[in-house]
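In this note's numbering, the protein residues as written are 152 to 280.
Below you can see the structure in the form of structure tokens.
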């Protein structure tokens, strides 16, 4: 990997998933039973494909109530750009449904974050050429 790629998945909540040519789903539920917190809860997922392949990520759904400028209450960050050390694309609105991103490499770090209530984010992913 280049120096712009993350080498290790952060510890804690999240999983490393292997993409296939058939679609698969990442279902992430994150948050607290009620109220707004000062600190965010995070889950770090990595989706990986064989070297030389790319990954397509499609947003299937994002819970209602999080669509605020800057995603200040919760959402998902998807790092499909070449430089994975930079902030990725952030989504927090149900209107983001059906948004499709294609990775620049064979690895996509995905960070879900929440500080208000509980949300669910469903992503679809698969290998593309």
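Just so it is clear, CB atoms sit at the ideal spot from N, CA and C, and this is done for glycine as well. Fair warning: this is a prediction, and the values are worked out from it, not measured in the lab.
Exposed or buried, what is residue i when buried is set at 16 or more other beta-carbons lying within 10 Å of its beta-carbon?
| i | result |
| --- | --- |
| residue 263 | buried |
| residue 282 | The requested residue 282 is not part of the displayed model; the chain covers only 152 to 280. |
| residue 165 | buried |
| residue 201 | exposed |
| residue 259 | buried |
| residue 214 | buried |
| residue 249 | exposed |
| residue 246 | exposed |
| residue 163 | exposed |
| residue 270 | buried |
Rounded C-beta distance between residue i and residue j? I'm assuming under 8 Å.
| i | j | result |
| --- | --- | --- |
| residue 254 | residue 206 | 4 Å |
| residue 210 | residue 242 | 6 Å |
| residue 265 | residue 225 | 4 Å |
| residue 168 | residue 208 | With 8 Å as the limit, residue 168 and residue 208 do not qualify as a contact, their Cβ atoms being about 11 Å apart. |
Does any heavy atom of the ligand SAH sit closer than 7 Å to the C-beta of residue i?
| i | result |
| --- | --- |
| residue 187 | Annotation note on the ligand SAH: not contained in the displayed structure, which lists no ligands. |
Confirm, please, whether the CB-CB distance from residue j to residue i is below 8 Å.
| i | j | result |
| --- | --- | --- |
| residue 273 | residue 178 | yes |
| residue 257 | residue 221 | no |
| residue 170 | residue 276 | yes |
| residue 244 | residue 187 | no |
| residue 238 | residue 228 | yes |
Quickly, what does DSSP pair residue i with across the bridge? List them, please.
| i | result |
| --- | --- |
| residue 250 | Residue 250 is not bridged to any residue. |
| residue 267 | 187 |
| residue 245 | Paired residues: none, contrary to the question. |
Uninterrupted alpha helix (DSSP H) stretches inside the stretch 163-242 (no shorter than 4 residues)
none
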